[in-house]
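Enquirer: Numbering (our numbering), first residue to last: 84 to 244.
Questions regarding the structure given below will be posed in turn.
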């Protein structure tokens, strides 16, 4: 096999890991310290009134960054933008991986209108103390790091002949 084909395969595998990181949106991002309760990445990022979560841009951001990184990986796979596309993709994947580890700090609660801020803050502290990071957030971070590594290998280690 020639190196150009291997490079395209590595970019494709990196893109596949990015897609898997996005799919982790359905896996638990938060889990209760006591009991069986959990909240998926979608619950934490987009909100779920039944579970008491509101939209959280800080936890939506890693999924958005993985999508942007995926787009730039595909652009690099197509051979466009030179070394800029893989560098942007790698940065997006790495920043997303860091943010995936923050669901306990990044969630927003859905408080009724007119609730005093001190009550909202106290309730969020109580909820944060009762939650741990879930397996979905950890796996999404790992898949994002693998996508960054694959993109880096394809861009900087494998040279075209």
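Yeah, the Cβ is synthetic: ideal placement off N, Cα and C, and Gly gets one too.
Between the alpha carbons of residue 241 and residue 127, how many angstroms are there, rounded?
Expert: Within the chain shown, residue 241 is the residue found at index 158, counting from 1. Within the chain shown, residue 127 is the residue found at index 44, counting from 1. Whole-angstrom Cα-Cα distance: 38 Å.
Enquirer: Going by DSSP, what residue range makes up the beta strand (DSSP E) through residue 114?
Expert: The residue you call residue 114 lines up with position 31 of the chain shown. Per DSSP, residue 114 belongs to the beta strand (DSSP E) from 111–115.
Enquirer: For the stretch 150–166 against the stretch 189–198, are there 3 or more C-beta pairs whose distance is under 8 Å?
Expert: no
Enquirer: Given that a residue counts as buried once 16 or more other Cβ atoms are within 10 Å of its Cβ, and exposed if not, what is residue 87?
Expert: Along the chain shown, read from residue 1 onward, the residue named residue 87 stands at position 4. Exposed, by the Cβ-count rule.
Enquirer: Quick one: grab the DSSP three-state call for residue 136.
Expert: For the purposes of this step, residue 136 is taken as residue 53 along the chain shown, with counting starting at 1. In the structure shown, residue 136 falls within a strand segment according to DSSP collapsed to helix, strand and coil.
Enquirer: For a test of the three-state rule: what should DSSP assign to residue 84, helix, strand or coil?
Expert: By one-based count along the chain shown, residue 84 stands at place 1. Note: residue 84 maps to coil in three-state DSSP.
Enquirer: Within a Cβ cutoff of 8 Å, which residues of the same chain sit near residue 89, ignoring the five residues on either side of it in sequence?
Expert: One-based indexing of the chain shown puts residue 89 at position 6. Answer for residue 89: 241, listed in chain order.
Enquirer: Quick one: measure Cβ to Cβ for residue 146 and residue 105, integer angstroms, because I've assumed they're closer than 8 Å.
Expert: Taking the first residue of the chain shown as 1, we reach residue 146 at position 63. Taking the first residue of the chain shown as 1, we reach residue 105 at position 22. So it is a contact: roughly 6 Å between Cβ atoms.
Enquirer: In terms of residue numbering, what span does the beta strand (DSSP E) encompassing residue 214 cover?
Expert: The count along the chain shown starts at 1 and reaches residue 214 at position 131. Per DSSP, residue 214 belongs to the beta strand (DSSP E) from 214–216.
Enquirer: So, under 8 Å CB-CB, residue 220 and residue 184 are touching, yes? Tell me the CB distance rounded to an integer number of Å.
Expert: The residue given as residue 220 occupies position 137 in the chain shown. The residue given as residue 184 occupies position 101 in the chain shown. Correct: roughly 7 Å between the Cβ atoms.
Enquirer: Should residue 118 go down as buried or exposed, given a rule of 16 or more other Cβ atoms within 10 Å for buried?
Expert: Here residue 118 refers to the residue found at position 35 when the chain shown is read from its first residue. Burial call: exposed.
Enquirer: Could you give the C-beta distance for residue 234 and residue 94, rounded to a whole number, given that I count them as a contact under 8 Å?
Expert: Locating residue 234 in the chain shown gives position 151, counting from the first residue. Locating residue 94 in the chain shown gives position 11, counting from the first residue. Yes, they are in contact, since the Cβ atoms of residue 234 and residue 94 sit about 7 Å apart, within 8 Å.
Enquirer: Decide if residue 120 is buried, meaning its Cβ has at least 16 other Cβ atoms within 10 Å, or exposed.
Expert: As a working note, residue 120 is residue 37 in the chain shown. Its Cβ having fewer than 16 others within 10 Å, residue 120 is exposed.
Enquirer: Identify the continuous alpha helix (DSSP H) that holds residue 168 and give its terminal residues.
Expert: The count along the chain shown starts at 1 and reaches residue 168 at position 85. It spans 167–183 - the alpha helix (DSSP H) in which residue 168 sits, taken as one unbroken run.
Enquirer: Label residue 107 either buried or exposed according to how many other C-beta atoms from any shown protein chain fall within 10 Å of its C-beta, with 16 as the threshold for buried.
Expert: In the chain shown, residue 107 corresponds to position 24, counting from 1. The residue in question, residue 107, is buried, as its Cβ has 16 or more Cβ neighbours within 10 Å.
Enquirer: Specify, as a first and last residue, the run of the beta strand (DSSP E) that residue 237 falls within.
Expert: Locating residue 237 in the chain shown gives position 154, where the first residue counts as 1. It is not in any beta strand (DSSP E) - residue 237 carries neither H nor E in the DSSP assignment.
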